[in-house]
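A.B. asks: As you go down the protein sequences, you meet chains H and D in turn.
Residues in the first sequence are numbered from 1 upward in steps of one, following the numbering used here.
Residues in the second sequence are numbered from 1001 upward in steps of one, following the numbering used here.
A single structure is presented below for examination.
There are 2 protein chains.
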Amino acid sequence: MTTPAPRRRGRPGHDLDAVLSAAVLLFNERGYDATSMFDIAESLGITKSSVYHHISGKEQLLQMAMDRALDGLFEAAEDVTRLDRPAIERLEQLIRRSVLVLAERFEFVTVLLRVRGNTAVEQHALSRRREFDTVVTELVKQAQAEGGVRPDVDPATAARLLLGMVNSLTEWYRPRPGGADAIADAVSTVAFEGLRM
Amino acid sequence: MTTPAPRRRGRPGHDLDAVLSAAVLLFNERGYDATSMFDIAESLGITKSSVYHHISGKEQLLQMAMDRALDGLFEAAEDVTRLDRPAIERLEQLIRRSVLVLAERFEFVTVLLRVRGNTAVEQHALSRRREFDTVVTELVKQAQAEGGVRPDVDPATAARLLLGMVNSLTEWYRPRPGGADAIADAVSTVAFEGLRM
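What follows is the structure, encoded as structure tokens:
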């Protein structure tokens, strides 16, 4: 769960969400290590102590950013589990939903995917990512057992290639209204139907 | 072209290739910015001035690393252009070869894919990457015109998803003998045949 934003606790218009958004923009632009709490305050036009009204420090912002991304992915996984449909359809839904989460929470997912596990907070996020990989791998296995997915591809490899395609969006996609559905279609077509005529 | 390694110019066994390999390992482990020339020398058990026998500085090492990755990809693109085969087969070959380049030059490609364009050297590498994307996009277009690739996917999007799958290997693949061919098969199967039975 993400922490609910305490409204109007600092200067009007600079609640926790605003601080988090400003931080995440800087993390993606300059890198997490190169961003200071002063930089975050400066980009909002407020003092550093106003920023500390909202949060304990930079690492809390990193954790919150990664949680926004991961919570979105796990909510999608839960919704898909509840569907009374063949595994291949649940898998396809989950891949489409992952594209939509990435498009909606673009800056948060970008932060998440650049993390290398240098601290306990980063290690925790990496272990949640691996957990999500396992959810996708298990869906591929089930779909193979049901005859929905071809049996000649290793399930863990298939899961990583599917998520590799989705995650590559942080490198080249720029969010725009209606854009995410078209990309979700393209990912789904390539992954499930293949490019060959 | 990569600069040929001047053999035995520094201490025996510490030629340019050894310096480059040591540098690239550190760049990937700690990040380029966090790696100093002293760190590189220390990891080889030689002095910093011995390292400067071989190269002008850290940025030259970065450039050489990225060139090794990019030269491999462009050699593959040239070889494929010479094939007298339908575009879809040339496209498939190029994607397979890209997987093999990534596996053979794993540490160099990893350096390349983490670069964000903060300097002229990085900008140049990014522009060569975009040039490679264009080569793949053009092959998709040709293959669509020949009826080899389905017409309902935007060629630039298809190219980015194909390369997104290939590039994701730097995140999860660990090179081992014979491993690259199996991964090239899996990428090719997912991308061209699709997962659906």
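All residues carry an ideal CB built from backbone N, CA and C; glycine is no exception.
Counting only beta-carbon separations shorter than 7 Å, does S1188 (chain D) have a partner in chain H?
C.D. replies: Chain H, which has no Cβ nearer than 7 Å to the Cβ of S1188 (chain D), makes this no.
A.B. asks: Hey, how far is the Cα of G194 (chain H) from the Cα of F132 (chain H)?
C.D. replies: Their Cα atoms are separated by approximately 24 Å.
A.B. asks: Find out if the Cβ-Cβ distance for the pair E1122 (chain D), V1111 (chain D) is shorter than 7 Å.
C.D. replies: Cβ atoms of E1122 (chain D) and V1111 (chain D): not closer than 7 Å.
A.B. asks: Taking 7 Å as the CB-CB cut-off, is A1077 (chain D) touching chain H?
C.D. replies: No, its Cβ sits nowhere closer than 7 Å to a Cβ of chain H.
A.B. asks: Hey, L169 (chain H) and V99 (chain H) are a contact pair by Cβ (cut 8 Å); roughly how many whole angstroms apart?
C.D. replies: About 7 Å; that satisfies the 8 Å criterion.
A.B. asks: Going by beta carbon distance, what residues of the same chain come within less than 7 Å of L94 (chain H), once the five residues before and after it are set aside?
C.D. replies: Hits under 7 Å: A76, A77, V80, V136 and L139.
A.B. asks: Does the CB of R196 (chain H) have a neighbour CB from chain D at under 7 Å?
C.D. replies: Yes, its Cβ sits closer than 7 Å to a Cβ of chain D.
A.B. asks: Taking all protein chains shown into account, do 16 or more other C-beta atoms lie within 10 angstroms of the C-beta of M64 (chain H), making it buried, or fewer, making it exposed?
C.D. replies: So M64 (chain H) ends up on the buried side.
A.B. asks: Any beta-carbon of chain H closer than 7 Å to the one on E1193 (chain D)?
C.D. replies: Yes, because at least one Cβ of chain H sits closer than 7 Å to the Cβ of E1193 (chain D).
A.B. asks: May I ask you to report which of helix, strand or coil DSSP gives P6 (chain H)?
C.D. replies: Low local confidence applies: a pLDDT of 49 at P6 (chain H) is under 50, so the model's placement there is unreliable, with the coordinate-based value given in what follows. The answer is coil: DSSP assigns P6 (chain H) none of H, G, I, E or B.
A.B. asks: At least one CB of chain D closer than 7 Å to the CB of L102 (chain H): is that the case?
C.D. replies: So, not an interface residue.
A.B. asks: For A18 (chain H), go through chain D and note every residue whose CB falls closer than 9 Å to its CB, in chain order.
C.D. replies: Within 9 Å Cβ-Cβ: nothing; A18 (chain H) doesn't reach chain D, min ~25 Å.
A.B. asks: Pick helix, strand or coil for R1128 (chain D), following the three-state DSSP scheme.
C.D. replies: Here R1128 (chain D) sits in helix by DSSP.
A.B. asks: For L1020 (chain D), which option in D:A1041, D:D1033 and D:R1030 has the closest C-alpha, if you only look at C-alpha atoms?
C.D. replies: Here the closest residue by C-alpha is D:A1041.
A.B. asks: Check the Cβ of R176 (chain H) against every Cβ in chain D and list those closer than 8 Å, keeping chain order.
C.D. replies: Correct list: empty, because the minimum Cβ distance to chain D is about 14 Å.
A.B. asks: R1196 (chain D) bridges to which residues according to DSSP?
C.D. replies: Answer by DSSP bridge pairing, in chain order: H:V149.
A.B. asks: By Cβ distance, which residues of its chain are closer than 7 Å to L113 (chain H), with the 5 residues on each side in sequence left out?
C.D. replies: Around L113 (chain H): N167 and T170.
A.B. asks: Output the distance between the C-alpha atoms of A176 (chain H) and E1092 (chain D), rounded to the nearest integer angstrom.
C.D. replies: According to the sequence displayed, residue 176 (chain H) carries Arg and not Ala. Straight-line Cα distance between these residues: approximately 31 Å.
A.B. asks: Extract the residue ranges of the alpha helix (DSSP H) inside the stretch 1001-1072 of chain D, only unbroken runs of 4 or more that lie entirely within it.
C.D. replies: Whole alpha helix (DSSP H) segments, 4+ residues: 1016-1030, 1037-1044 and 1048-1054.
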